[in-house]
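Data first, discussion second: the structure below is written as structure tokens.
Chains as they are written, first to last, in our numbering: chain G, 21 to 561; chain P, -5 to 357.
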């Protein structure tokens, strides 16, 4: 991958033109109340390059890009686009200057078609027919030029995540974007989809577009960028030529200290079975079966990882096992006793039976972001605080202090609203709460989603520590690397079924990837079972 | 994203500015009919605070609005919009009058708690039904509570006219409660209030404000209510039963607003009069929104509406150029600017403050 990239770089003809600057940021400062989110940032982005921006959560990457895209106005500093100074007041203005953005969370209308989404807000006339005709033409050209083929008449909600992302890119290009900002674009993609995205980005660059890539995955930085800028605590630390640097160096610059990128763990000592799942069938909110007969068990002192592309039933599985979602069929046993999931307070019974749960989506489920930190540090355990009706606030606040200290939650202020913590620290609030209850079984979903490198290392070590303390741990993650490095056993889920089991020491990434996309199957039942996702996968390959 | 405003701006300055705008526009309306707005304000304030009877009436209205405001606020904290306070208070009147007539003649100190309990049970029962329908059947609480107001009106009309109305009485009302059993008026021991209807229920309302704070911010129940209101998925994750909470919160909300019945049926009127609630339950919605669900805010905005009601009547009486409809218009303006458009000034204020902050010592 890197070889072909370097070749591309050398082959590009007009190096003189590429050296002129598409974007120049000079002395950008931005405050949010007492937080100095951007400190005197200087950044030069050369035209026709892929420029990576890395940094921990809360380092100020997103703020900086939001300033460039007109979401925020800088307190001071200058933005130059193609050499000319502009004060960008809103995103419409940014678009007019040729700056487009692909957000981490897509800004698409789910029940509209691709075509409708592309022209939305960029209609030329009150009647839509001429706009559509023009848009079809442009989309066709873009598809030919950049491998950006998407069915213009397809409805967004029927598309795979990778295809939806392509629609976002098309939207920006349709509006004449010359500079494309991508915020964590691969977070939701399968490896194949990510590769496809990178091919598109390379083509775009070779056609003279400028790409700004915000990511925390250093592997992607190494694979696709020409230059990379590192941010830390609101300041720009350094801009480097990608070919002259290494992941280790970048990680060190980001965190400000040396980081271990690998997880160090000893062999597992599995004990007795603590969590048993038998023939579980779970439906989603629309009564569609998402988990279709899953059986497995997790023993004390082992980590069982569930690998799979997002949306293959992992979420429903986790919710059911943790008591949040009633099952249609099957049994969940904790410590040998079946867990009753009836009613809508099953989570309380699961907790009482010794289960702790770090949910996949901490903002949606794991935290009440409007609560202060101390209030969230007792969420789910609130009934343990105080006798009778009253809530023992002093005890809860003391607990919060302990967690803050033990898990190094920053800033260490228990009265701060949880929404104001960075992603990594929010995750630590959840982890501290769930791990410190000394549960028998720990269910962890996406432990490091949107979490910065420094915190990832810490979180992984905590999970290993729980394992070594004899807990049964069920881990679900869409990050294959994470599953491979943490798990003692890997189960692959596809279309609501376990389609294979692998030993992380010997598992081959390609093989796992094929299992995850339903192309290969260890069990005959699941072969060809996936229709939509499977087709999406083929389109990518 | 808005930069967060300082807390005092959020709770004090913003509502105050909204009220001022409402009054400025109200002043323009007064001016347009050739009346002097300054004199109107003067009459209004004097009518509300200037003399014993007037102030007593203000407090009487405020009492009702506090109960209604707290009831709506409680539901609001759980993410529920209880529009049915009006009907719940009306049905609670039935509970109050039944116990009062059954034990007619009992001294009010004994009758008062009994009326509170009976009213609360009826109010809670009436509110529980939409709560149950929401929790178990998914019928939207806003729709059902609105409909339950209509059902309450019809049902109560029927009950009053058919069963409660004594044959000797011409108007649609129940038999009277004996004076000794009625909630004690303040003028019996504070002569200043003269003929004003304000009674000891006002202390129940003030106590209710404190109890409400304790309930919401100092109990496990309040914690669960707020968790549910802020994030339903997180409440489910925390093992808080959504269904049980909805039913419980609605019942409790109905029990709180039922105190309007104690104030009016058990006290001021001493009988159950048809449509006695007279919109107080709906005012509670505006009070709760303006007060942002916090007892201090609810207390203050209930007082504001008390002033608008009492001062408004006074205004219609002593300035004949200003009609009753115009006063309702001014009240509507207050609701519009504090409730529906309450955040209109937020962005400009936030700009103002964020412009002031960077130089202000963020470094």
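No residue lacks a Cβ here, since even glycine has one placed at the ideal position from N, Cα and C. Quantities reported herein were computed from a predicted structural model and do not represent experimental measurements.
{"Query": "Among P:2, P:5, P:23, P:17, the one whose alpha carbon lies nearest that of residue 315 of chain P", "Result": "P:23"}
{"Query": "Distance, residue 73 of chain G Cα to residue 292 of chain G Cα", "Result": "46 Å"}
{"Query": "Cβ of residue 96 of chain P within 8 Å of any chain G Cβ", "Result": "no"}
{"Query": "Where residue 47 of chain G meets chain P, residues with beta-carbon distance less than 9 Å", "Result": "Within 9 Å Cβ-Cβ: nothing; residue 47 of chain G doesn't reach chain P, min ~14 Å."}
{"Query": "For residue 99 of chain P and residue 287 of chain P, the rounded distance between their alpha carbons", "Result": "39 Å"}
{"Query": "Buried/exposed call for residue 251 of chain P, threshold 16 Cβ in 10 Å", "Result": "buried"}
{"Query": "Contact belief for residue 82 of chain G with residue 234 of chain G at Cβ below 8 Å, rounded distance in angstroms", "Result": "7 Å"}
{"Query": "The segment 322 to 330 of chain P in contact with the segment 9 to 20 of chain P per 3-pair CB rule at 8 Å", "Result": "yes"}
{"Query": "Under the three-state DSSP convention, the category residue 530 of chain G falls into", "Result": "helix"}
{"Query": "Partners in chain P for residue 409 of chain G, counting only beta-carbon separations shorter than 8 Å", "Result": "213, 214, 215"}
{"Query": "Neighbouring residues, chain G, relative to residue 224 of chain P (Cβ below 8 Å)", "Result": "388, 389, 390, 391"}
{"Query": "Buried/exposed call for residue 256 of chain P, threshold 16 Cβ in 10 Å", "Result": "buried"}
{"Query": "Where residue 260 of chain G sits in the DSSP three-state scheme", "Result": "strand"}
{"Query": "Coil, strand or helix - residue 257 of chain P by DSSP", "Result": "helix"}
{"Query": "Interface partners of residue 344 of chain G on chain P, CB under 8 Å", "Result": "230, 231"}
{"Query": "Exposure label - residue 143 of chain P; buried when at least 16 CB within 10 Å", "Result": "buried"}
{"Query": "Assumed close pair residue 388 of chain G, residue 221 of chain P - CB separation to whole angstroms, cut-off 8 Å", "Result": "5 Å"}
{"Query": "Other residues of its chain near residue 524 of chain G: CB distance less than 6 Å, five sequence neighbours each side excluded", "Result": "504, 507, 510"}
{"Query": "Chain G within 8 Å of residue 29 of chain P, Cβ atoms only", "Result": "no"}
{"Query": "Of the residues G:186, G:68, G:230, G:392, the one placed nearest residue 439 of chain G, counting alpha carbons only", "Result": "G:392"}
{"Query": "Alpha carbon of residue 161 of chain G to alpha carbon of residue 98 of chain G, nearest angstrom", "Result": "35 Å"}
{"Query": "Contact with chain G by residue 250 of chain P, beta-carbon distance below 8 Å", "Result": "no"}
{"Query": "Pair within 8 Å by beta-carbon distance, residue 83 of chain P and residue 117 of chain P", "Result": "yes"}
{"Query": "contact_flag[the segment 75 to 82 of chain P, the segment 292 to 307 of chain P] where n(CB pairs < 8 Å) is 3 or more", "Result": "no"}
{"Query": "The segment 289 to 297 of chain P contacting the segment 192 to 209 of chain P, beta-carbon criterion three pairs below 8 Å", "Result": "yes"}
{"Query": "Simplified DSSP state of residue 98 of chain G, which is helix, strand or coil", "Result": "strand"}
{"Query": "Burial state of residue 122 of chain P (16 or more Cβ within 10 Å)", "Result": "buried"}
{"Query": "DSSP-derived helix/strand/coil call for residue 358 of chain G", "Result": "strand"}
{"Query": "For residue 59 of chain G, the three-state DSSP class (helix, strand or coil)", "Result": "strand"}
{"Query": "Listed by chain order, chain G residues near residue 237 of chain P by CB distance under 7 Å", "Result": "364"}
{"Query": "Local Cβ density within 10 Å of residue 310 of chain G, reported as buried at 16 or more and exposed below that", "Result": "buried"}
{"Query": "Residue range of the beta strand (DSSP E) that includes residue 31 of chain P", "Result": "It is not in any beta strand (DSSP E) - residue 31 of chain P instead sits in the alpha helix (DSSP H) that spans 31 to 39."}
{"Query": "Three-state class that DSSP yields for residue 339 of chain P in the structure shown", "Result": "coil"}
{"Query": "Cutoff 8 Å; reference residue 367 of chain G; Cβ partners in own chain excluding five residues on either side", "Result": "342, 343, 344, 377, 400"}
{"Query": "Residue 459 of chain G beta carbon less than 8 Å from that of residue 375 of chain G", "Result": "yes"}
{"Query": "Residues that DSSP places opposite residue 317 of chain G in a beta bridge", "Result": "G:296"}
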